[in-house]
Amino acid sequence: MKLIEVKDYHEMSQVAADYLLSKVKTSDKLTLGLATGGTPQGLYEALINDHNQNRTSYQHVSSFNLDEYIGLSGKHPNSYYHYMNDHLFKHIDIDSENTHIPSGKAVDLQKECEAYDEKIRLHGGIDLQILGIGSNGHIGFNEPGTSFESNTHIVELAESTREANARYFNSIDEVPAQAITMGISSIMKSKEILLLVSGEAKQVAMKKLVEGEISENFPASILNRHEHVTVIADQEALAMVKGLELLNR
Ligand code: GLP
């Protein structure tokens, strides 16, 4: 894992945007894996600013999102479908036909999971996967205990995850209990991964990621086995990590 240490959330977002834009500008065809949550919002804002200023085109870019709540339609303001349109897609020139998000309203959810992995495979896999991390180490919606071999699947959300995401809903009761998520194995198949980590709430997760053992009890720990991971983390998130040199292995 390679670490880029940055000052704060703003710098994390800008460095991530520059990284992603260098790929967008130098490839003829690019497949991105995209994340939701608070962490990548600044990155998406920076991409929109760049698009407005420099007209960087996304016509050759496809995307696959990590996850979606089960039971929320794309029209629901808290669906990740809605989030992606609102925070990125409608502001840039990406073809909506090329953007993919699992459907949390599919009649046959199991089939939806299998079809999603197949679609990624037929696209030639994900070139660059953007990831955030949950305070319990979840990536996508892969909660502690998820098999490292998992493909896209249906999950029961951990209470701590529902609590963390309740800030976007009127109350915790409205947070769906289940989600559909790319599995750990699906994520690990990405050719390259960019993990963004910011703020005090992620200090313990960051410490476990760097200093802890690789275990299904802490899903993000698997990233230590991927050959091409870059972590962009700010000073607050890194405050508890002792051996920073461990990261640049
Ligand atoms: C959410 C998402 C993840 C995200 C994580 C952290 O539940 N499913 O993809 O990375 O939790 O969220 P945040 O960036 O808001 O801290």
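Residue 208 in the working numbering sits at position 191 of the sequence shown; the count goes up by one each step and never skips.
Just so it is clear, CB atoms sit at the ideal spot from N, CA and C, and this is done for glycine as well.
Starting from I137, trace the beta strand (DSSP E) in both directions and tell me its first and last residue.
It is not in any beta strand (DSSP E) - I137 instead sits in the alpha helix (DSSP H) that spans 126-139.
Cβ pair S203, T169 closer than 8 Å
yes
For I210 and A250, the rounded distance between their alpha carbons
14 Å
Ordered along the chain, which non-local residues of its own chain (more than five positions away) have a Cβ less than 6 Å from that of L212?
L148, V248
Under a three-way DSSP split, which group does H117 fall into?
strand
Inter-residue spacing [alpha-carbon to alpha-carbon] between G200 and D110:
29 Å
What separation, rounded to the nearest whole angstrom, lies between the Cα atoms of L38 and K225?
30 Å
Which runs of the alpha helix (DSSP H) at least 4 residues long sit entirely within the stretch 67-122? Give them in chain order.
97-104
Sorry if obvious, but does the Cβ on F106 come closer than 7 Å to a heavy atom of the ligand GLP?
no
Limits of the beta strand (DSSP E) - the one that I143 falls within
Here I143 belongs to no beta strand (DSSP E), and DSSP marks it neither H nor E.
What three-state label does DSSP hand I65 in the structure shown?
helix
Excluding five sequence neighbours on each side, which residues of the same chain lie with their C-beta closer than 7 Å to the C-beta of A123?
E129
Where H245 sits in the DSSP three-state scheme
coil
Terminal residues of the beta strand (DSSP E) in which A196 lies
195-198
Under the three-state DSSP convention, the category N187 falls into:
coil
Go to V32, then tell me how far its beta strand (DSSP E) extends in each direction, as first and last residue.
V32 -> not in any beta strand (DSSP E); alpha helix (DSSP H) instead, spanning 26-43.
Please check the pair L83 and A34, which I expect to be a contact at CB under 8 Å, by giving their CB distance rounded to whole angstroms.
Actually they do not touch by this definition, with Cβ atoms about 19 Å apart.
Going by the CB atoms, is the gap between F158 and E233 shorter than 8 Å?
no
Provide the residue span of the alpha helix (DSSP H) that contains V172, from first to last.
No alpha helix (DSSP H) holds V172; the beta strand (DSSP E) holding it covers 170-173.
Would you mind listing the alpha helix (DSSP H) stretches within the stretch 204-240 that are 4+ residues and don't spill past its ends, in chain order?
220-228
Let's test the definition: count the other Cβ atoms within 10 Å of the Cβ of A52 and tell me whether it reaches 16, buried, or not, exposed.
buried
Counting only the same chain and skipping the five closest in sequence on each side, list residues whose C-beta sits under 7 Å from that of R179.
I189, V192
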